[in-house]
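Visitor:
Numbering (the working numbering), first residue to last: 98 to 492.
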């Protein structure tokens, strides 16, 4: 029996190496990876530019702590700020940390501006913001909070897309609104651009901060550097992680100046965040993502995939009811309740990795470097698997 704590229901496969958009198990079988480590391997496996950057940094300095200047970290922050709404960036190690810091910043901002009573954050039903005690309270999904009560105070939740509920939930204690432009764990549910614009207006009207959780949607996943750009809405604080390190752990909290001004020396900190290794890889990821034409190609290939999936759904009405998403963050909704888990297993057996999500969804989160041939290969496997499940269901 393994000494690893049994908190994961793992699939019965073990991988030993990756090659671009493919991953190879210990038996030598190759799989097309449309899970990308849950949207983490944005540039696929062992991208040569990332490998080179990591090796070069490993031969100089790994860690020195944030007691000292870290040039690579400063360069990464400058580049993120220059290519986004943000003025400043704080680096940590994960998405959950980044979102939790965003909530801390909202409290500190209001306290510094004479309103310490404003500490509550409003989230949206179906949200997933991380696994810490505070973040499971923000997400408020029963499967995450069960057994971890009492639920951490400071968070309220309203129905998805309901502006009337959002307005009604605001009190004198409300500090911020927290949303994912596209809910990932919640079932690939994109938020309407008009809804996001209305949230910005509500935040401004009531003096709240608008916090964006772009842990899964960011770093090119939807065809923009950050998904909120599609709506033209500017957040006050944004949490990023996953694809930012292309597989190396790094998170970031981006903020406008008026908010970051409240974060003085000692108000927050991290031992590992933005260390030289993580910063080197983060910069290497941006080297590729920010290349001319890269994000435009994400848009082209995602359209090809979405078009193919629309046909797949139409051809297999007994298996799929709809396809939804934005860019290369796509969800296939299964017809039979709980069938998404069965489909993910069947796809593994047929050589395609995907990820289950809420609302009976199978997530497709391929590396952003996929080409048309990979799209066609994935569609072929999906079609084959759907037919097998249809026959199995009939039997």
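The C-beta atom is built at its ideal place from N, Cα and C for all residues, glycine as well.
#1: Contact between the region 473-488 and the region 399-416: three or more CB pairs below 8 Å?
#2: For the region 398-454, list the alpha helix (DSSP H) runs that are entirely contained and at least 4 residues long, ordered along the chain.
#3: Between the Cα of residue 332 and those of 207, 199 and 212, spot the shortest distance and give me the residue it belongs to.
#4: Of all the CB atoms in chain D, is at least one closer than 8 Å to the CB of residue 373?
#5: Are there three or more Cβ pairs, one per stretch, closer than 8 Å when the region 312-326 is compared with the region 384-399?
#6: What residue from 374, 453, 466 and 464 has the CA that sits closest to residue 106's CA?
#7: With distances taken Cα to Cα, identify the nearest neighbour of residue 340 among 153, 125, 296 and 137.
#8: Would DSSP call residue 357 helix, strand or coil?
#9: Quick check on DSSP: helix, strand or coil for residue 158?
#10: In whole angstroms, what is the alpha-carbon distance linking residue 296 and residue 177?
#11: For the region 438-453 against the region 472-480, do three or more pairs of beta-carbon atoms, one drawn from each stretch, fall closer than 8 Å, so that the two count as touching?
#12: Whose C-alpha, out of 140, 129, 154 and 201, is nearest the C-alpha of residue 361?
#13: Compute the Euclidean distance between the alpha carbons of residue 118 and residue 451, then round it to the nearest angstrom.
#14: Assuming residue 215 and residue 270 make a contact with CB atoms under 8 Å, what is their CB distance in whole Å?
#15: Short of 7 Å in beta carbon distance, which residues of its chain neighbour residue 384, apart from the five on each side in sequence? Order them along the chain.
#16: From what residue to what residue does the beta strand (DSSP E) around residue 380 run?
#17: Count the other CB atoms within 10 Å of the CB of residue 407; is the residue buried (16 or more) or exposed (fewer)?
#18: Nearest-angstrom Cα distance between residue 169 and residue 187?
#19: Which same chain residues, not among the five before or five after residue 311, have their C-beta less than 8 Å away from its C-beta?
#20: Look up residue 222 in the DSSP assignment and say whether it is helix, strand or coil.
#21: Is there contact here, the region 280-291 with the region 416-427, by at least three beta-carbon pairs under 8 Å?
#22: Going along the chain, which unbroken runs of the beta strand (DSSP E) with 3 or more residues stay wholly within the region 287-351?
#23: Can you list, in chain order, the residues of its chain with a C-beta nearer than 8 Å to that of residue 294? Leave out the 5 residues immediately preceding and following it.
#24: What's the gap between the Cα of residue 492 and the Cα of residue 115?
#25: Does DSSP put residue 119 in a helix, in a strand, or in coil?
#26: Compare the beta carbon distance of residue 142 and residue 120 with 8 Å and say whether it is the shorter of the two.
#27: Per DSSP, what kind of secondary structure is residue 113 in: helix, strand or coil?
#28: From residue 195 to residue 351, what does the alpha carbon distance come to, in whole angstroms?
#29: With 16 other CB atoms within 10 Å as the buried threshold, where does residue 207 fall?
#30: What are the complete beta strand (DSSP E) segments, minimum 3 residues, inside the region 159-211?
#31: So, does the region 221-233 touch the region 241-252, judging by three or more C-beta pairs under 8 Å?
#32: Cα-Cα, which of 197, 181 and 268 is closest to residue 365?
#33: Hey, out of 283, 282, 307 and 459, whose CA is closest to residue 292's CA?
#34: Helix, strand or coil for residue 492, going by three-state DSSP, please let me know.
Guide: Concretely, from the data shown:
#1: The region 473-488 vs the region 399-416: in contact.
#2: For the region 398-454, the continuous alpha helix (DSSP H) assignments of 4+ residues that do not extend past its boundaries occur at 436-446, in sequence order.
#3: Here residue 332 is taken as the residue at index 235 of the chain shown, counted from 1. Checked all of 207, 199 and 212; the closest Cα to residue 332 is 199.
#4: You won't find chain D in this structure, because it holds only one protein chain.
#5: Yes, the region 312-326 touches the region 384-399.
#6: The count along the chain shown starts at 1 and reaches residue 106 at position 9. Residue 106 has its Cα closest to that of 453, out of 374, 453, 466 and 464.
#7: Numbered from 1 along the chain shown, position 243 holds the residue referred to as residue 340. Considering only alpha carbons, the answer is 137.
#8: Against the chain shown, residue 357 aligns to sequence position 260. In the structure shown, residue 357 sits in a helix (DSSP, three-state: H, G or I).
#9: The residue labelled residue 158 in the question sits at position 61 within the chain shown. In the structure shown, residue 158 sits in coil (DSSP, three-state: anything other than H, G, I, E or B).
#10: Position 199 of the chain shown, counted from the start, is the residue given in the question as residue 296. Position 80 of the chain shown, counted from the start, is the residue given in the question as residue 177. As the crow flies, the alpha-carbon of residue 296 is around 24 Å from that of residue 177.
#11: Touching, yes.
#12: For the purposes of this step, residue 361 is taken as residue 264 along the chain shown, with counting starting at 1. Closest by alpha carbon: 201.
#13: Residue mapping note: residue 118 aligns to position 21 of the chain shown, counting from 1. Residue mapping note: residue 451 aligns to position 354 of the chain shown, counting from 1. So the alpha carbons of these two residues sit roughly 13 Å apart.
#14: Looking up residue 215 in the chain shown gives position 118. Looking up residue 270 in the chain shown gives position 173. Their Cβ separation, rounded to whole angstroms, is 6 Å, which keeps residue 215 and residue 270 in contact under 8 Å.
#15: For the purposes of this step, residue 384 is taken as residue 287 along the chain shown, with counting starting at 1. Here the set comprises 146.
#16: For the purposes of this step, residue 380 is identified with residue 283 of the chain shown, where counting begins at 1. Unbroken run through residue 380 is the alpha helix (DSSP H), 373-386; no beta strand (DSSP E).
#17: Taking the first residue of the chain shown as position 1, residue 407 is located at position 310. When all chains shown are included, residue 407 counts as exposed.
#18: As a working note, residue 169 is residue 72 in the chain shown. As a working note, residue 187 is residue 90 in the chain shown. Across the structure, residue 169 and residue 187 are spaced so that their CA atoms are roughly 13 Å apart.
#19: As a working note, residue 311 is residue 214 in the chain shown. Cβ within range, chain order: 277, 278, 323, 324, 325, 335, 336 and 337.
#20: In the chain shown, residue 222 corresponds to position 125, counting from 1. If DSSP states are grouped into helix, strand and coil, residue 222 belongs with coil.
#21: Yes, the region 280-291 touches the region 416-427.
#22: Qualifying beta strand (DSSP E) stretches, in chain order: 306-310 and 334-337.
#23: For the purposes of this step, residue 294 is identified with residue 197 of the chain shown, where counting begins at 1. Excluding positions up to five away in sequence, the list reads 328, 329 and 330.
#24: Locating residue 492 in the chain shown gives position 395, where the first residue counts as 1. Locating residue 115 in the chain shown gives position 18, where the first residue counts as 1. Caution is warranted here: a pLDDT of 42 is assigned to residue 492, below 50, making its placement in the model unreliable, and no coordinate value can be reported.
#25: Walking along the chain shown from the start, residue 119 turns up at place 22. The answer is strand: DSSP assigns residue 119 an E or B state.
#26: Along the chain shown, one-based indexing puts residue 142 at 45. Along the chain shown, one-based indexing puts residue 120 at 23. In this structure, the beta-carbon distance from residue 142 to residue 120 falls below 8 Å.
#27: The sequence position of residue 113 within the chain shown is 16, counting from 1. DSSP places residue 113 in the strand class (E or B) of the three-state scheme.
#28: As a first step, residue 195 must be located in the chain shown, where it is residue number 98. As a first step, residue 351 must be located in the chain shown, where it is residue number 254. Distance from the CA atom of residue 195 to the CA atom of residue 351, rounded to whole angstroms, is 9 Å.
#29: Numbered from 1 along the chain shown, position 110 holds the residue referred to as residue 207. Residue burial is scored here from C-beta neighbours: residue 207 has at least 16 other C-beta atoms within 10 angstroms and is therefore classed as buried.
#30: Counting whole runs of 3 or more residues, the region 159-211 contains the beta strand (DSSP E) stretches 185-189.
#31: Segment contact: the region 221-233 against the region 241-252, three or more CB-CB distances shorter than 8 Å; contact assigned.
#32: By one-based count along the chain shown, residue 365 stands at place 268. The residue with the shortest Cα to Cα distance from residue 365 is 197.
#33: Here the question's residue 292 lines up with position 195 in the chain shown. Among 283, 282, 307 and 459, the Cα nearest to that of residue 292 is on 307.
#34: Locating residue 492 in the chain shown gives position 395, where the first residue counts as 1. Here the model assigns residue 492 a pLDDT of 42, short of 50, so the residue's position is not dependable, and the following value carries that caveat. Coil, per DSSP.
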